[in-house]
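**Student:** What follows is a structure written as structure tokens; I'll ask about it next.
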Amino acid sequence: MRARDNPFRSERVEGLAFRNPGFSWSGLEASLAAAGGRGAIVGPEGHGKTTLLLEWHARSQAAGREAVHLRVGRGQRRLDAAQKRRIAGAVAVFADSAEQLGWTGWREFVALTRRARSVVVTTHRPGRFATVYLCRTSPALLQELVEELHPSGPECRLLWHRHRGNLRNALRELYDKMSPEIPATK
Amino acid sequence: MTMNAEITVSKTEFAPGEMINGNVSWHSSEDVLMAEVRLFWQTRGKGTTDVAVAATETFANPRPTDERAFSFTAPPAPPSFSGQLISLVWGVELVLVPGGSVHRDIVIAPGGREIPLDNPEWLEAADPSAGAGRLRFGS
Amino acid sequence: MGLTFQRRDRSAGQAGLVGRLVGTLFFGVFLLAGLVFLWLIGREALRTLETYWWPKAPAVILSSEVVDDPDEENPYSVGVQYRYTWNGSGQVSDQLQRSRQRFSDFSRAAGLVALYPAGCETECFVNPKRPEAVLCHGELWIGLFALIPAIFVLVGAGGIYGCWAAGKESKAGPLSDGNKRGGKAHWFGLLFVVVGLAVLLIWYLPAVVTGLVSLSWVETPCTIESSRVVEVDSDDGKTYRVDILYRYEFAGVGYRSNRYKSFRGSSGGRSSKEAVVDQYRPGSQALCFVDPAAPRNAVLVRGLGWEAAFGLLPLAFIGVGLGVFLSGCSRKGPVATLVVNGPPDLFAGGSRELKPRVSPFGRFGVLVFAAVFWNGIVSVFLFQVAGEWRQGHQPWMLTLFLVPFVLVGLAILIGVIYSLLALANPRPVVRLTPGVLTPGCSFEVEWTLRGSAGRLKNLNVFLEGREEATYRRGTDTSTDRHVFARFVVAGVDNPLEIAQGSARRNLPPCVPPGFVAENNKILWSLRIHGSIAFWPDLCEEFEVSVATGQ
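Protein chains in written order, with the working numbering: chain A, 748 to 933; chain B, 326 to 464; chain C, 5 to 554.
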């Protein structure tokens, strides 16, 4: 199977809509409003934080708001000049992996976004802003995603446990399983 | 707002240097402020997608319902290829503002054939360093 | 499984809380030890510095001699008594400096005694706060040794900070990831250079100079006054040195010295030292070699001994440190943010000498640095634990705690040995014609092996193509690789052809050209592999450009 036909290729996985039992956009927006427009999506790696954040950003833009999305790199303790320019004056800010910012970087970020109507960040642990959503996964969720990508996909319970709920790694393992075996050499 | 759009091309396989001729047509319930066709490539596979636009043709004075012709020269590189981890796919995309976009995959490669990377004849030998991390004794 | 080759390369680690706590504990030991020794050395240096602000007072030397304390590792010290006047009253003191100095070298103590002979009038420095005086200030350069615990403090603090603060990610993407990964680690190379230079300049070179110069010293009869083997305790265990005190006369003046040869210091092996001492029994006559320009300097054995080989150690420190430092300094920028055809057609149509992807010396240097650093620190604790076991204690907790560190150290050592052995492998010099390949082209590879090519049983040359796909999501980045092509260019087992040869090959017309984007790449490389019995194989990889045919 070629990369472009692999049902678990990256753009298909990234195209999966965020879902979870009990999740609703209205509930999420209400949580953010209750937190004064400053909220954090919290969860371990591969549990859907970035997916939820990107969808929220897209919804914000579709609603006509000036929404900015930025991604804080691993080990990036402060925002760079370009990122600061982008968020200064933005109406809605969506910052991925904000836990990477150091103390000074976080204070800068808060100061630059003080005029924004809403600021949503993703973090691995609660603390920076009020938690507006806690991302959790389950074997059933993984099964649902796999079946959407590949209707005759494998059973996912063991897969979910092996990756300790990290859906991203589980789906990448399925990508490998779909790849062809190379015949033996001459 | 509703939009219907379609891209038709003379064929879907092109060799580098060949002309890519086609038509785009759309029907939008609102005024279209900008319409353009892009020739682009993108990667698909296990890695994060890379995208690049090779050429753009912007249509002047687009109407809500319209039909236009476009023409590109197929670039020499990169060719369409498909392996286990990466596929590189060329495409033609119609972008309407407001409205959205549609695209159609094409192949640009020598002879108009996508280069497959899964040719078993290309693996003429085993990985020579498979045992290189160990000292060998008795050989 | 076939030949699917996928190497998962996580450039971002997942430390976790437990890992951070373990790391904090590990580096905390460095920090604590460094702080303790920094305080001790600093305190001594401060005590010596204080004397520079003490007022002077006239003093008369009452007695002055070299004191021999056989129970001490450094048995010789200066025994001096002097009377001084302070605030109108007479005082007596026996302090030469604020801290009593002990010497292993008799002549150094004798030199100080010679500065203050009995009866001479001189000045001393008096502590205005309490009745205390010294004849001289002491040596401030000892404070420079504070650099060593300072390094431990830096390593400890830096390591703890690193545990809790994530490492820097390259913002430019994977193309510059590897190049920037050196980060600040290359400054540790500079530390190694400093330490190596210090050992070289302070210990090794003066001894080498003395050894060489002593070849022209004057042969002089001497009488052995005492001879013994001195035991020196250290963290690494016991070492031994000879201490032979002899007296001689030169130009009518009597001298005493205990310098055996140009290189001072102790080493393992008590029996060899006892054999030496047996040759120089007290009361026996012997020959020494005296420096006519400074008769106080003398040796029993002149010239350079086997200890001169120890110069390799500081040189290795300097070499490795320089290698690490310079390789970190010479960071290359990304080849290109998007390269579709490969490098510019500068070499198309011509031939090109290929550069290896990774230098074997660079690989070795980094491993040595890692091995010395890691095992040097672990060995301190290991010997401590071993000592505890020898004494009948059973420090199970500490032993178990050390096991993973020792295993890592062993693995690094094996890597050092392997890469050291690999350094002796012949180095291939490879030329590719044309310099840039195109699908369907005919190309020629010429190779010459510099070094001991005769050890190779065979030589294989492959042209390899592989996919590399990097996936980034949130803070996670991982790269997968898959080899999709491995063309045999040459396979020879004739020794003549192994040492030098060439091979021609046609590249299939439908192979993909090289392709480099931010997250996805198609890379081509030439791999040279040679089998060597009972030795690491020769494995070298060279970047190759494959452009489109158009």
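Glycine residues also receive a C-beta, built at the ideal position from the N, C-alpha and C atoms.
Please list, in chain order, all residues of the same chain as Glu77(C) whose beta carbon is under 6 Å from its beta carbon, the five residues on each side excluded.
**Tutor:** Answer for Glu77(C): Val236, listed in chain order.
**Student:** Taking Ala863(A) as the reference, which of Gly852(A), Thr878(A) and Arg812(A) has the closest Cα?
**Tutor:** Checked all of Gly852(A), Thr878(A) and Arg812(A); the closest Cα to Ala863(A) is Arg812(A).
**Student:** Against chain B, with Cβ distances strictly below 9 Å, would Ser750(A) count as a contact?
**Tutor:** Looking at the sequence shown, residue 750(A) is not Ser but Ala. Judged by the 9 Å Cβ criterion, Ala750(A) is in contact with chain B.
**Student:** Determine the direct distance from the alpha carbon of Ser270(C) to that of Trp400(C), and round the result to whole angstroms.
**Tutor:** Distance between the alpha carbons of Trp400(C) and Ser270(C) is about 32 Å.
**Student:** Below 8 Å, can you find three or more Cβ-Cβ pairs linking the segment 390-407 of chain C to the segment 435-452 of chain C?
**Tutor:** Contact between the segment 390-407 of chain C and the segment 435-452 of chain C is absent, because fewer than three Cβ pairs lie under 8 Å.
**Student:** Please state if the CB of Gln823(A) and the CB of Leu801(A) are separated by a distance shorter than 9 Å.
**Tutor:** Against a cut-off of 9 Å, the Cβ pair of Gln823(A) and Leu801(A) comes out as no contact.
**Student:** Determine the direct distance from the alpha carbon of Leu39(C) to that of Lys336(C), and round the result to whole angstroms.
**Tutor:** Low confidence applies here, because Lys336(C) scores a pLDDT of 42, under 50, leaving its location unreliable; read the following figure in that light. Whole-angstrom Cα-Cα distance: 37 Å.
**Student:** Please tell me whether Arg24(C) and Cys167(C) are closer than 9 Å, where the distance is taken between their beta carbons.
**Tutor:** Contact: yes.
**Student:** Shorter than 9 Å from the beta carbon of Thr932(A) to some beta carbon of chain C?
**Tutor:** Model confidence at Thr932(A) stands at a pLDDT of 35, short of 50, so the residue's coordinates are unreliable; what they give is reported in the following sentence. Thr932(A) counts as touching chain C.
**Student:** How would you call Arg915(A), buried or exposed, if buried means at least 16 neighbouring beta carbons within 10 angstroms?
**Tutor:** By the 10 Å Cβ count, Arg915(A) comes out buried.
**Student:** What are the boundary residues of the beta strand (DSSP E) that Leu364(B) is part of?
**Tutor:** Element bounds for Leu364(B): Met359 to Gly370.
**Student:** To the nearest angstrom, how far is the alpha carbon of Leu201(C) from that of Leu319(C)?
**Tutor:** The alpha-carbon atoms of Leu201(C) and Leu319(C) are separated by roughly 8 Å.
**Student:** Under the three-state reduction of DSSP, which class applies to Leu144(C): helix, strand or coil?
**Tutor:** Correct three-state label for Leu144(C): helix.
**Student:** Please state the DSSP three-state secondary structure of Phe267(C).
**Tutor:** Coil.
**Student:** If you draw a straight line from the alpha carbon of Asn444(B) to that of Phe488(C), how long is it in whole angstroms?
**Tutor:** Near 8 Å, if we compare the C-alpha coordinates of Phe488(C) and Asn444(B).
**Student:** Provide the residue span of the alpha helix (DSSP H) that contains Trp400(C), from first to last.
**Tutor:** Here the alpha helix (DSSP H) through Trp400(C) covers Trp400 to Leu427.
**Student:** For Gln458(C) versus Pro499(C), is the C-beta distance shorter than 9 Å?
**Tutor:** Here residue 458(C) turns out to be Gly, not Gln, going by the sequence shown. Against a cut-off of 9 Å, the Cβ pair of Pro499(C) and Gly458(C) comes out as a contact.
**Student:** Report the rounded CA-to-CA distance for Glu136(C) versus Ser97(C), giving the unit in angstroms.
**Tutor:** Rounded to whole angstroms, Glu136(C) to Ser97(C) spans 7 Å at the Cα level.
**Student:** Using a C-beta to C-beta distance shorter than 9 Å, which residues of chain B count as neighbours of Glu522(C)?
**Tutor:** In chain order: Thr373 and Asp375.
**Student:** As a quick exercise: from Leu421(B), Ala340(B), Ile440(B) and Pro404(B), pick the residue whose alpha carbon is nearest that of Ala385(B).
**Tutor:** For the residues Leu421(B), Ala340(B), Ile440(B) and Pro404(B), the minimum Cα distance to Ala385(B) belongs to Leu421(B).
**Student:** Taking the beta strand (DSSP E) that His816(A) falls in, what are its first and last residues?
**Tutor:** Its beta strand (DSSP E) spans residues Ala814 to Arg818.
**Student:** Can you list the alpha helix (DSSP H) stretches of 4 or more residues lying completely in the segment 399-450 of chain B, in chain order?
**Tutor:** Taking only runs of at least 4 residues, no alpha helix (DSSP H) segment lies wholly in the segment 399-450 of chain B.
**Student:** Could you check if Gly272(C) is buried or exposed, using at least 16 other CB atoms within 10 Å of its CB as the buried criterion?
**Tutor:** Under this definition Gly272(C) is an exposed residue.
**Student:** Whose C-beta lies closer than 6 Å to the C-beta of Tyr88(C) among residues of the same chain, with five residues either side of it excluded?
**Tutor:** Hits under 6 Å: Ala61, Ala63, Gln95, Cys128 and Ala137.
**Student:** Using a Cβ-Cβ cutoff of less than 8 Å, which residues in the same chain neighbour Glu501(C) once the five nearest sequence positions on both sides are dropped?
**Tutor:** Hits under 8 Å: Leu463.
**Student:** Residues of chain A with CB closer than 7 Å to the CB of Arg477(C), please, in chain order.
**Tutor:** Chain A residues near Arg477(C): Thr797 and Arg915.
**Student:** Which residues does DSSP list as the beta-bridge partners of Thr452(C)?
**Tutor:** DSSP lists Val433(C) and Gln504(C) as partners of Thr452(C).
**Student:** Quick one: is Gln398(C) buried, meaning 16 or more other Cβ sit within 10 Å of its Cβ, or exposed?
**Tutor:** By the neighbour-count rule (16 or more Cβ atoms within 10 Å), Gln398(C) is not buried but exposed.
**Student:** Is Glu758(A) close to chain B, meaning its C-beta is less than 9 Å from at least one C-beta of that chain?
**Tutor:** Closer than 9 Å: yes.
**Student:** If we define contact as Cβ-Cβ less than 9 Å, is Ser535(C) a contact residue for chain E?
**Tutor:** No chain E is present in this structure, whose protein chains are A, B and C.
**Student:** Quick check on Asn91(C): buried or exposed, where buried means 16 or more other Cβ atoms within 10 Å of its Cβ?
**Tutor:** Counting Cβ neighbours within 10 Å, Asn91(C) comes out exposed, since fewer than 16 surround it.
**Student:** Hey, quick one: how far does the beta strand (DSSP E) through Arg531(C) stretch, first residue to last?
**Tutor:** Asn524 to Ile536 is the span of the beta strand (DSSP E), which, as asked, contains Arg531(C).
**Student:** Quick check: the Cα distance between Arg47(C) and Val280(C), rounded to an integer number of angstroms?
**Tutor:** Looking at the two C-alpha atoms, the distance is approximately 40 Å.
**Student:** Nearest-angstrom Cα distance between Ser482(C) and Gly762(A)?
**Tutor:** Cα to Cα, the separation comes out at about 19 Å.
**Student:** Measuring alpha carbon to alpha carbon, tell me which of Ile322(C), Lys277(C), His486(C) and Val257(C) ends up nearest Ala298(C).
**Tutor:** Measuring from the Cα of Ala298(C), the nearest candidate turns out to be Val257(C).
**Student:** Kindly provide the ranges of any beta strand (DSSP E) runs that are 3 or more residues long and lie completely inside the segment 187-263 of chain C, ordered along the chain.
**Tutor:** With a minimum length of 3 residues, the continuous beta strand (DSSP E) runs that stay inside the segment 187-263 of chain C are 222-238, 241-254 and 257-261.
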